[in-house]
Amino acid sequence: MSPIFLIAIPLILAFLSIISHKIAPYLVIAGTLFNSIALWFITPGVHSIGGFELPIGINLYVDTYTMLGLAVVNLLFLCVVIIHIQKQKKYASVLLVALVGLNGLLLTGDLFNLFVFLEISGIAAYILSTSNQKPYHTFQYLVMGSIGSSLYLFGLIILYAMVGSLNLMHIVHLIETQNIPYSSLILPFLLMFIGLGVEAKLLPFNAWVKGILSHAHGFVGSIIASVYAATISFVFGRLILHVFQFEGRILLVITILLLVGVVLGEAMAFSTSKAREILLYSSIAQASIVILLFVQGLVIWAVYLIIANAIAKFVLFTVIGHASKEQCDELSTLSGLFQKHVFVGIATTIATLSMMGLPLFVGFLIKVNYVMILANQSQWLIIIVLILSAVVEGIYYVRMLTKLWFSEQETPNVQYAWGVQALLAIMAAFLLIFGIIREPLSRFDDTIDQITEEIEVLF
Amino acid sequence: MIQYAAILMMMIGLYGLFINRHVMKIIVSLNVLELGLNLFIISIGYVTGGIAPIMTSTHATSALLYVDPLPQALVLTSIVIGVGTTALGLAIARKIYETYGTLDLERLEDK
Numbered sequence: 001m002s003p004i005f006l007i008a009i010p011l012i013l014a015f016l017s018i019i020s021h022k023i024a025p026y027l028v029i030a031g032t033l034f035n036s037i038a039l040w041f042i043t044p045g046v047h048s049i050g051g052f053e054l055p056i057g058i059n060l061y062v063d064t065y066t067m068l069g070l071a072v073v074n075l076l077f078l079c080v081v082i083i084h085i086q087k088q089k090k091y092a093s094v095l096l097v098a099l100v101g102l103n104g105l106l107l108t109g110d111l112f113n114l115f116v117f118l119e120i121s122g123i124a125a126y127i128l129s130t131s132n133q134k135p136y137h138t139f140q141y142l143v144m145g146s147i148g149s150s151l152y153l154f155g156l157i158i159l160y161a162m163v164g165s166l167n168l169m170h171i172v173h174l175i176e177t178q179n180i181p182y183s184s185l186i187l188p189f190l191l192m193f194i195g196l197g198v199e200a201k202l203l204p205f206n207a208w209v210k211g212i213l214s215h216a217h218g219f220v221g222s223i224i225a226s227v228y229a230a231t232i233s234f235v236f237g238r239l240i241l242h243v244f245q246f247e248g249r250i251l252l253v254i255t256i257l258l259l260v261g262v263v264l265g266e267a268m269a270f271s272t273s274k275a276r277e278i279l280l281y282s283s284i285a286q287a288s289i290v291i292l293l294f295v296q297g298l299v300i301w302a303v304y305l306i307i308a309n310a311i312a313k314f315v316l317f318t319v320i321g322h323a324s325k326e327q328c329d330e331l332s333t334l335s336g337l338f339q340k341h342v343f344v345g346i347a348t349t350i351a352t353l354s355m356m357g358l359p360l361f362v363g364f365l366i367k368v369n370y371v372m373i374l375a376n377q378s379q380w381l382i383i384i385v386l387i388l389s390a391v392v393e394g395i396y397y398v399r400m401l402t403k404l405w406f407s408e409q410e411t412p413n414v415q416y417a418w419g420v421q422a423l424l425a426i427m428a429a430f431l432l433i434f435g436i437i438r439e440p441l442s443r444f445d446d447t448i449d450q451i452t453e454e455i456e457v458l459f
Numbered sequence: 001m002i003q004y005a006a007i008l009m010m011m012i013g014l015y016g017l018f019i020n021r022h023v024m025k026i027i028v029s030l031n032v033l034e035l036g037l038n039l040f041i042i043s044i045g046y047v048t049g050g051i052a053p054i055m056t057s058t059h060a061t062s063a064l065l066y067v068d069p070l071p072q073a074l075v076l077t078s079i080v081i082g083v084g085t086t087a088l089g090l091a092i093a094r095k096i097y098e099t100y101g102t103l104d105l106e107r108l109e110d111k
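This is how it looks when you write it as structure tokens:
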């Protein structure tokens, strides 16, 4: 099956959902269900659209890397829709557009098309964030997002003027064959990096994150911090691995920038006492770690880290976002939350411990492996920063968990539906099972990304 | 040469975004930035002495000097996206005014 259906069907349903508001929520469920099932049947390889062969037409590209991204994003999106669609019916059309944008970002092999999907998913995210009822922060997000995508487009157009193509694989091939000096490519690459960095929450382009996520309830929190973050990381990873391929002094600058992002993110999370701020600063640090791993060329462990983070952040933002909206945001007012909700508490604890990278959980396996590979590459500075950040992360997460489990005062009155609890339990089980049974993870290695082989076949 | 003018326009837009503390002025600055970018895209396709990239009975060969048609197609998409973002920005600006009673960011940050 052609992967275009993952984009076309939700788009058709989005148009239909405008006609009748009554059926709109069902259309969202139908669209996400269709994508979650259909993604297992799509054919790998290059798919030209409209009969225009590469490099003239737009193409979609599917390999194991894309498949993993599609599976994570669509299944998490389905979970968000199942949990929240009842209360967020008016966002039905926007959710479908968001689904279109996210699938398009993962599938497209054309860099201008990527900009279009970036804007589609961006506009959907701005509208979804209006459900926080904080229009000023939504406006900030819109302005930052628009500047980011403008810079990406600016960089892309300069790149087009230099190499004469917009197709990702063709660009990689042309850069190699035309022997364009790397020094002249730095400007477009940096502009594109900054443009995507805004959406990927990288320091210093992430001023919007605090406004959006510190006021986010379960719906916006889980969709922006989990689904969107995973998609952008997958897209960013592909561009870093094949197009940017940072080297020399620029590699050093980018690495230091990302390390500063990790340190500051963890320090800010450590210094705050608000539950949602802890999560959002932690996700800033985690986003920097993922991009850092891609910059260092660690494909598979970066991908596993994206997946583990997306699942853990989904659990945390669903639980904390919901509780914080009902009560106050301060940890002290949420203390003892899990005394009444033991299942939710256990799921959250597993997600948190996996994020911290404790043994028995999948986070540990991922952390150990990437630290080992970095040690083999003698990247001691990165290892020291990552280990220090893990220690800081451990302290503030344990402090948060202790507050949420134990309380001497009256426990907050928050209700979680049974369906939500069941979903959270499945997610937590996933993090636990893959932490103990390690064989499935060793099935994949860095060869999940097959663009280089595909370029050799095509050109 | 026209590229420098377009980049200058983008810089003016960016400068406006950094110094303005009013929602409407920020939207205008964003538009100036996008307009500069669109002019830059169009200027990339310009070829001195080139003709419109359409094959006609008088120009029935592809060997002639045509301007690059691709940036023209790209800029159309970019303009449409810009209009969409501006419309959404204005809708949010209206919501900001309804909620806080002001469009001045200095006063908004206190609320």
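Residue numbers (this note's numbering), protein chains in the order written: chain A, 1 to 459; chain B, 1 to 111.
Even glycine gets a Cβ: it sits at the ideal position worked out from N, Cα and C.
Item                                                                                                                           : Value
I27 (chain B) versus L353 (chain A) - alpha carbon distance                                                                    : 43 Å
I51 (chain B), DSSP secondary structure in three states                                                                        : strand
Test item: CB-CB of F236 (chain A) and I291 (chain A) under 8 Å                                                                : yes
Through-space distance from G57 (chain A) to D68 (chain B), alpha-carbon basis                                                 : 16 Å
C-alpha gap between M427 (chain A) and S20 (chain A), whole angstroms                                                          : 34 Å
L153 (chain A) at chain B interface by Cβ criterion, 8 Å                                                                       : yes
Closest Cα partner of L337 (chain A) within the set A:V319, A:A351 and A:I350                                                  : A:V319
Buried or exposed by the 16-neighbour rule on C-beta atoms within 10 Å, applied to R238 (chain A)                              : buried
Beta-ladder partner(s) of H47 (chain A), from DSSP                                                                             : A:L60
Extent of the continuous alpha helix (DSSP H) run through R276 (chain A)                                                       : A275 to V295
Cβ distance (whole Å) where V209 (chain A) is taken to contact I284 (chain A) below 8 Å                                        : 6 Å
Option in B:S29, B:L37, B:I12 and B:M24 with minimal Cα separation from I92 (chain B)                                          : B:M24
Proximal residues of chain A, C-beta to C-beta of E106 (chain B) below 9 Å                                                     : None at all; the shortest Cβ gap to chain A is about 12 Å.
Under 7 Å (Cβ pairs) to chain A, residues found in the stretch 39–50 of chain B                                                : F40, I41 and I44
Expected contact under 8 Å - CB spacing of V262 (chain A) and I289 (chain A) to nearest Å                                      : 6 Å
N167 (chain A) (DSSP reduced to helix, strand or coil)                                                                         : strand
Whether T138 (chain A) touches S150 (chain A) by CB criterion (8 Å)                                                            : no
Residues of its chain near V47 (chain B), where Cβ-Cβ distance is below 8 Å and the 5 sequence neighbours each way are ignored : L65, Y66, V67 and D68
Local conformation of E330 (chain A) per DSSP, three classes                                                                   : strand
Residues bridged to D110 (chain A) [DSSP beta-bridge criterion]                                                                : A:N167
Straight-line gap, I49 (chain A) to I81 (chain B) (C-alpha atoms, nearest Å)                                                   : 22 Å
Three-state class that DSSP yields for D445 (chain A) in the structure shown                                                   : coil
Cβ neighbour criterion (16 or more within 10 Å) applied to L271 (chain A)                                                      : Going by the sequence as given, residue 271 (chain A) is Ser instead of Leu. S271 (chain A) is exposed by the Cβ-count criterion.
CB contact flag (L423 (chain A), I82 (chain A), <8 Å)                                                                          : yes
Nearest-angstrom Cβ-Cβ length linking M162 (chain A) and I278 (chain A), presumed shorter than 8 Å                             : Going by Cβ atoms, the distance from M162 (chain A) to I278 (chain A) rounds to 44 Å, so no, they are not a contact pair.
Close Cβ partners of A38 (chain A) (< 7 Å) along its chain, the five nearest in sequence each way excluded                     : M1, F5 and L6
Inter-residue spacing [alpha-carbon to alpha-carbon] between G435 (chain A) and Y370 (chain A)                                 : 15 Å
The stretch 390–406 of chain A / the stretch 343–351 of chain A touching (three or more Cβ pairs under 8 Å)                    : yes
C-beta contact flag for A429 (chain A) and K313 (chain A) at 8 Å                                                               : no
Interface partners of Y370 (chain A) on chain B, CB under 9 Å                                                                  : Under the 9 Å cutoff, chain B gives no residues; its nearest Cβ is about 37 Å from Y370 (chain A).
Separation of I433 (chain A) from L298 (chain A), as counted between CA atoms                                                  : 23 Å
Y65 (chain A) (DSSP reduced to helix, strand or coil)                                                                          : helix
H215 (chain A) - DSSP class collapsed to helix/strand/coil                                                                     : coil
Where Y97 (chain B) sits in the DSSP three-state scheme                                                                        : helix
Opening and closing residue of the alpha helix (DSSP H) in which M400 (chain A) lies                                           : W380 to W405
L75 (chain A) versus A:P204, A:T32, A:Y396 and A:N132, residue with shortest Cα-Cα distance                                    : A:T32
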